[in-house]
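In this text, residue positions in the sequence shown follow the working numbering: the first is 60, and each later residue adds one. Where is the CB? At the ideal position from N, CA and C, for every residue including glycine.
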Amino acid sequence: MTSFAEPLVAKSQDTAFFGHPAGLSTLFFTEMWERFSFYGLRAILILFMTAPAAIGGLAWGVEKAGAIYGTYAASVYLMSLPGGWVADKVLGLRRSVFWGGVLIMCGQISLAMLNSAVFFFPGLILIALGTGMLKPNISALVGQLYSEKDVRRDAGFSIYYMGINVGATFSPLVCGWLAQGEGFKHLLQGWGIDPATSWHWGFGFGATGMALGLLQYVLTGKRLGDAGLTVLGAPTPEALGAGRRKLLLGLGALVAVVVVLLGLSKAGVMTVTPTGISRAMDYLLTVVVVAFFVWLFSAGEWTRDERRRLIVITVLFAGAAVFWSAFEQAASTLNLFAARQTRNEILGISYPASWLQSVNAFLIIVLAPVAGWVWLKLGPRDPSSPAKFSMGLFFLGMGFAVMILAAMAASNGQPVSPLWLVLTYLCHTVGELCLSPVGLSAMTRLAPARVTGLMMGVWFLATSVGNKIAGTVAGLYESFSLPTIFGTVTAIALFFALLMALLVRPIKRMMARA
60 MTSFAEPLVA
70 KSQDTAFFGH
80 PAGLSTLFFT
90 EMWERFSFYG
100 LRAILILFMT
110 APAAIGGLAW
120 GVEKAGAIYG
130 TYAASVYLMS
140 LPGGWVADKV
150 LGLRRSVFWG
160 GVLIMCGQIS
170 LAMLNSAVFF
180 FPGLILIALG
190 TGMLKPNISA
200 LVGQLYSEKD
210 VRRDAGFSIY
220 YMGINVGATF
230 SPLVCGWLAQ
240 GEGFKHLLQG
250 WGIDPATSWH
260 WGFGFGATGM
270 ALGLLQYVLT
280 GKRLGDAGLT
290 VLGAPTPEAL
300 GAGRRKLLLG
310 LGALVAVVVV
320 LLGLSKAGVM
330 TVTPTGISRA
340 MDYLLTVVVV
350 AFFVWLFSAG
360 EWTRDERRRL
370 IVITVLFAGA
380 AVFWSAFEQA
390 ASTLNLFAAR
400 QTRNEILGIS
410 YPASWLQSVN
420 AFLIIVLAPV
430 AGWVWLKLGP
440 RDPSSPAKFS
450 MGLFFLGMGF
460 AVMILAAMAA
470 SNGQPVSPLW
480 LVLTYLCHTV
490 GELCLSPVGL
500 SAMTRLAPAR
510 VTGLMMGVWF
520 LATSVGNKIA
530 GTVAGLYESF
540 SLPTIFGTVT
550 AIALFFALLM
560 ALLVRPIKRM
570 MARA
């Protein structure tokens, strides 16, 4: 990698990127391309697993596909915990972002290979490992571009968040068309290529996006100055070397476990099934969450102010986990609804069901400036972080209330208008704007400096829990009526919205003291 040690001007004086530090542009485009890669895969993954073999899919049942999707998506964010540790103790934020991107690119290339039985699961594993390295640490890098009291901090995260959604808007359109579009399949047929391979072209373009992100990260890295170069948790060469040895041992152990399990399964000694792995992930997540927070509060080195911050982080973690458990059904339950119960055509022109995955990100781009203007206009009356969490959960519940009506309309077997899903995604988008940028900013502001990467991992651990639940719900798609599924999700979201509203005042007092 190129050297990034060129000093920056004082943080408060660096206004090169639309009034923000120049390094924000580097992180904006890196994250844009990483999210292009991620959301392109997200839009087509469960559809690929459930599609008939005749059109190139894996022809798996919904329960199996939901179990695999939920386990993969949960693993992507669960890996943020070791990814944060690697950044804090071994590589630093900057190098962790780079090597995470390399792993993601290799994983997407693996999925693009035509022999799905050989390359599918290794590809998902590589993407999970890489995202765990990149995602929490690039967010922490954004935080390091600003001082704690810099008034531009929240606005900077909003700009960064916009980069996420630019990538997330276009990737389902491009990757979805390559994977499912009839026009592209006709092109392949004209070139003498089996149109059933179209799914793998969609995966391959995701790898291209990540490669572009890595290229610009290296070429423009000097704009970051010294941000993310210091390994705060490993101040001595001896500690750094020990951390790297632990990392290599951990990776070796992971590879060994995977090889042994695959070997035993192949030899018929034991049966490794997606549903069995999914149940194991349920237990693992439960143990990780409980053990992590027990360790967090039993550690004796925290000051009183830091302990108050950690309590607030814990409450925000719970609210975020509930939010993402419903929101992330967009790529599983709602994606299946788009493919099976929705009329996917506009003005007589058909489009791939995966294109509807772009709606949320597009609405974020449109509405994010409006949300920023509203928060700014409110001034001192701007709602606190916990109040915005409550609002986010409320709008999330309203979105699923819309889906109750959509499911009832589709109960006669006739596909319904895509506007039902558009309205649902509109409600979810408003909720996301209330919760997600605020949560990211609050985590970097509240986290003790020496464990910044690890605390960002806590935020993404909440997303991991949410994704696992979302995959489990998708597996119930054919077991329960859709109004029952959507009604249950609505009730849970609204209950936690009310609970968070009741906790606003005590949390505000704790944040003020910290």
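Taking C-alpha atoms, which residue in Gly438, Leu393 and Trp479 lies nearest to Gly530?
-> Here residue 530 refers to the residue found at position 471 when the sequence shown is read from its first residue. Looking at the Cα atoms, Leu393 is the closest of the given residues.
Would you list the one or two residues that DSSP bridges to Ser409?
-> Stepping through the sequence shown from its first residue, residue 409 is reached at position 350. According to DSSP, Ser409 bridges with Glu404.
Taking the CB atoms as reference points, tell me whether Gly41 and Val233 lie closer together than 8 Å.
-> Residue 41 lies beyond the residue range present for the chain, which begins at 60 and ends at 573; the question has no answer from this structure.
If you draw a straight line from the alpha carbon of Val481 to that of Met221, how long is it in whole angstroms?
-> For the purposes of this step, residue 481 is taken as the residue at position 422 of the sequence shown. For the purposes of this step, residue 221 is taken as the residue at position 162 of the sequence shown. Going by the C-alpha atoms only, they are around 20 Å apart.
CA-to-CA distance, Phe459 to Ser449, given in whole angstroms | For the purposes of this step, residue 449 is identified with residue 390 of the sequence shown, where counting begins at 1. For the purposes of this step, residue 459 is identified with residue 400 of the sequence shown, where counting begins at 1. Rounded to the nearest angstrom, the gap between the Cα atoms of Ser449 and Phe459 is 16 Å.
Range covered by the alpha helix (DSSP H) that runs through Glu365 | Within the sequence shown, the letter at position 306 stands for residue 365. Here the alpha helix (DSSP H) through Glu365 covers Arg363 to Phe386.
Got a sec? Which residues, its chain only, sit under 7 Å from Tyr219 by beta carbon, not counting five neighbours each side?
-> Taking the first residue of the sequence shown as 1, we reach residue 219 at position 160. Same-chain partners within the cutoff: Leu83, Leu86, Phe87, Glu90 and Val201.
State the DSSP-derived secondary structure class of Val475, mapped to helix, strand or coil.
-> Within the sequence shown, the letter at position 416 stands for residue 475. Of the three classes helix, strand and coil, the one that applies to Val475 here is strand, per DSSP.
Inter-stretch contact at 8 Å, needing at least 3 Cβ pairs: the segment 131-146 / the segment 259-269 | Result no; under three Cβ-Cβ pairs closer than 8 Å.
Output yes or no for whether 8 Å exceeds the beta carbon distance between Phe376 and Ile463.
-> The residue you call residue 376 lines up with position 317 of the sequence shown. The residue you call residue 463 lines up with position 404 of the sequence shown. Going by C-beta atoms, Phe376 is not nearer than 8 Å to Ile463.
For the segment 403-460, list the alpha helix (DSSP H) runs that are entirely contained and at least 4 residues long, ordered along the chain.
-> 417-437, all fully within the segment 403-460.
The segment 442-456 touching the segment 494-502, judged by at least three CB pairs closer than 8 Å | In short, these stretches touch, since the Cβ pair count reaches three.
Neighbour-count burial assignment, Thr130, 16 or more Cβ in a 10 Å radius | Numbered from its first residue, the sequence shown carries residue 130 at position 71. Counting of Cβ neighbours within 10 angstroms places Thr130 among the buried residues, the total reaching 16 or more.
How many angstroms separate the CA atom of Leu170 from the CA atom of Ile252?
-> In the sequence shown, residue 170 corresponds to position 111, counting from 1. In the sequence shown, residue 252 corresponds to position 193, counting from 1. Taking the straight line from one Cα to the other gives about 18 Å.
Where Gly456 and Leu273 are concerned, what is the direct C-alpha to C-alpha distance, given to the nearest angstrom?
-> Taking the first residue of the sequence shown as 1, we reach residue 456 at position 397. Taking the first residue of the sequence shown as 1, we reach residue 273 at position 214. Separation of Gly456 and Leu273 (C-alpha to C-alpha, rounded to the nearest whole angstrom) is 38 Å.
Might you give, ordered along the chain, the residues of its own chain that have their beta carbon closer than 7 Å to the beta carbon of Phe519, omitting 5 neighbours on each side?
-> Here residue 519 refers to the residue found at position 460 when the sequence shown is read from its first residue. Hits under 7 Å: Tyr136, Ser139, Lys194 and Pro195.
Determine, using beta-carbon pairs with one atom in the segment 504-511 and one in the segment 110-125, whether at least three such pairs fall under 8 Å.
-> With a cut-off of 8 Å, the segment 110-125 and the segment 504-511 do not count as touching, because too few Cβ pairs lie within range.
Are Leu237 and Ser217 touching if we call contact CB-CB under 8 Å?
-> The residue given as residue 237 occupies position 178 in the sequence shown. The residue given as residue 217 occupies position 158 in the sequence shown. No, the Cβ-Cβ distance between Leu237 and Ser217 is not below 8 Å.
Straight-line CA distance for Ser413 to Ala398?
-> To locate residue 413, count along the sequence shown from 1; it is residue 354. To locate residue 398, count along the sequence shown from 1; it is residue 339. Cα to Cα, the separation comes out at about 8 Å.
Taking all protein chains shown into account, decide if Ala380 is buried (16 or more other Cβ within 10 angstroms of its Cβ) or exposed.
-> Here residue 380 corresponds to residue number 321 of the sequence shown, with the count starting at 1. By the neighbour-count rule (16 or more Cβ atoms within 10 Å), Ala380 is buried.
Would you decide whether Trp250 is buried or exposed? Buried here means 16 or more other CB atoms lie within 10 Å of its CB.
-> Along the sequence shown, one-based indexing puts residue 250 at 191. That one is exposed.
Are Lys527 and Met340 close, meaning C-beta to C-beta below 8 Å?
-> To locate residue 527, count along the sequence shown from 1; it is residue 468. To locate residue 340, count along the sequence shown from 1; it is residue 281. Yes.
Starting from Glu241 and walking both ways along the alpha helix (DSSP H), at which residues does that stretch end?
-> One-based indexing of the sequence shown puts residue 241 at position 182. Where Glu241 is concerned, the enclosing alpha helix (DSSP H) starts and stops at Glu241 to Gly249.
Minimum length 4: unbroken alpha helix (DSSP H) runs contained in the segment 462-545 = Taken in chain order, the whole alpha helix (DSSP H) runs of length 4 or more contained in the segment 462-545 are 478-505 and 511-534.
Should Phe539 go down as buried or exposed, given a rule of 16 or more other Cβ atoms within 10 Å for buried?
-> Position 480 of the sequence shown, counted from the start, is the residue given in the question as residue 539. When all chains shown are included, Phe539 counts as exposed.
Residue burial classification, Asn471 (beta-carbon count within 10 angstroms, cutoff 16) | Residue numbering aside, residue 471 sits at position 412 when the sequence shown is read from its first letter. Under a 10 Å Cβ-count criterion, Asn471 is classified as exposed, with fewer than 16 other Cβ atoms of the shown protein chains found around its own Cβ.
Rounded separation between Lys567 and Thr109 - CA only = Within the sequence shown, numbered from 1, the residue matching residue 567 stands at position 508. Within the sequence shown, numbered from 1, the residue matching residue 109 stands at position 50. Approximately 46 Å between the Cα atoms of the pair.
Contact check, Trp92 vs Leu271, beta carbons under 8 Å = Working through the sequence shown from its first residue, we reach residue 92 at position 33. Working through the sequence shown from its first residue, we reach residue 271 at position 212. In terms of Cβ geometry, Trp92 and Leu271 form a close pair [threshold 8 Å].
Taking Phe386 as the reference, give the member of Tyr536, Arg367, Ile168 and Val532 with the closest Cα.
-> Here residue 386 corresponds to residue number 327 of the sequence shown, with the count starting at 1. Cα-wise, what sits closest to Phe386 is Val532.
Range of the contiguous alpha helix (DSSP H) that encloses Ser337 | Residue numbering aside, residue 337 sits at position 278 when the sequence shown is read from its first letter. It spans Pro333 to Ser357 - the alpha helix (DSSP H) in which Ser337 sits, taken as one unbroken run.
Report the rounded CA-to-CA distance for Ala521 versus Gly378, giving the unit in angstroms.
-> Position 462 of the sequence shown holds residue 521. Position 319 of the sequence shown holds residue 378. When rounded, the separation of the alpha-carbon atoms in Ala521 and Gly378 is 9 Å.
Tell whether a beta-carbon distance below 8 Å holds between Ile223 and Arg94.
-> The sequence position of residue 223 within the sequence shown is 164, counting from 1. The sequence position of residue 94 within the sequence shown is 35, counting from 1. The answer is yes: Cβ separation under 8 Å.
Which whole-angstrom value is the C-beta distance of Thr483 and Leu422, which I expect to be below 8 Å?
-> To locate residue 483, count along the sequence shown from 1; it is residue 424. To locate residue 422, count along the sequence shown from 1; it is residue 363. Rounded, the Cβ-Cβ distance is 11 Å, inconsistent with contact.
Where Ala64 and Lys148 are concerned, what is the direct C-alpha to C-alpha distance, given to the nearest angstrom?
-> By 1-based counting over the sequence shown, the position of residue 64 is 5. By 1-based counting over the sequence shown, the position of residue 148 is 89. Since pLDDT at Ala64 reaches only 43, below the 50 mark, its modelled position is unreliable, and the value read off the structure follows with that caveat. Cα to Cα, the separation comes out at about 19 Å.
Please state whether DSSP places Met192 in a helix, a strand or coil.
-> Counting from 1 along the sequence shown, the entry for residue 192 is found at position 133. Residue state for Met192 is assigned as helix, using DSSP reduced to three classes.
If you drop the 5 nearest sequence neighbours on each side, which residues of the same chain put their C-beta closer than 6 Å to that of Gly431?
-> Here residue 431 refers to the residue found at position 372 when the sequence shown is read from its first residue. Here the set comprises Ser217.
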